[in-house]
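Presented below is the structure to which this report refers.
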Amino acid sequence: MKIVMITGSNRKEATSTVLAKALEGQLRRLFVEVNLFNLYESPLPFYSPDEIFNRHEGVRELQRLLMEADGIILTTPEYHGGMSGVLKNALDHMGQMHFSGKPVLSVSSAGGAVGVSSLQQMQATIRNLHGINSPEWISIGGSQRAIYENESAEGTIVLDYRAKEALSIFMELVKKVSGKEEAFPS
């Protein structure tokens, strides 16, 4: 099973990226193949339908990874009630062929209590790309953000129970949709 994660922040130590790395670690412990595409480390050019950006190495790499993926995880900070501009820009470079029929888990980190608006925006975008939204999402905010920031500084990143449960539900959906019978331990 192959999972592609796109971290949608242009901040080096963004909490949403730390959360993505915790999810990546959990998946690797369960022997799932994970490719993390970090938009901070691999920025993409601004999308323009008049330009042919598929020649850009980063765009081509992300397109290739998504074509091979069985499932996709998107992470973003919440900015002004929406997903980050860099994540939206990356998604604009993609098409239905990259998402159609694939389960997608939406993950957000908000300055307030939770990032519901960004999650709803991501799910609307996924529907328009013909992806399958996971019935659960992951959102951290407030004091939860501090936990991830502290754990990142200490080098230990551990998911809380709710995040593990949402990830498990997502992976069961990936297994069902992909038809791959590889075991995914809970």
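Each residue of the sequence shown is one higher than the one before, starting from 1 at the first, in UniProt numbering.
Built from N, CA and C at the ideal position, the CB exists for glycine as well.
Secondary structure within the stretch 19–92: the alpha helix (DSSP H) runs of 4 or more consecutive residues, fully enclosed, are 57–68, 85–92 (chain order). Across the set T125, Y161, L129, the C-alpha of Y161 shows the shortest separation from the C-alpha of S139. Bridge pairing for A110: G141 [DSSP]. Residue burial annotation: N128 is exposed, with fewer than 16 other C-beta atoms found within 10 angstroms of its C-beta.
Counted as a single uninterrupted DSSP element, the beta strand (DSSP E) harbouring M5 occupies residues 2–7. C-alpha of E41 to C-alpha of A14: approximately 12 Å in a straight line. Here N128 carries a helix assignment [DSSP, helix/strand/coil]. Between the stretch 102–112 and the stretch 59–73, the count of Cβ pairs shorter than 8 Å is three or higher; the stretches touch. If you ignore the 5 residues before and after P135, its C-beta comes within less than 7 Å of the C-beta of I169, all in its own chain and listed in chain order. If you draw a straight line from the Cα of V32 to the Cα of S16, it is about 21 Å long. The alpha-carbon separation between H56 and S48 amounts to approximately 13 Å.
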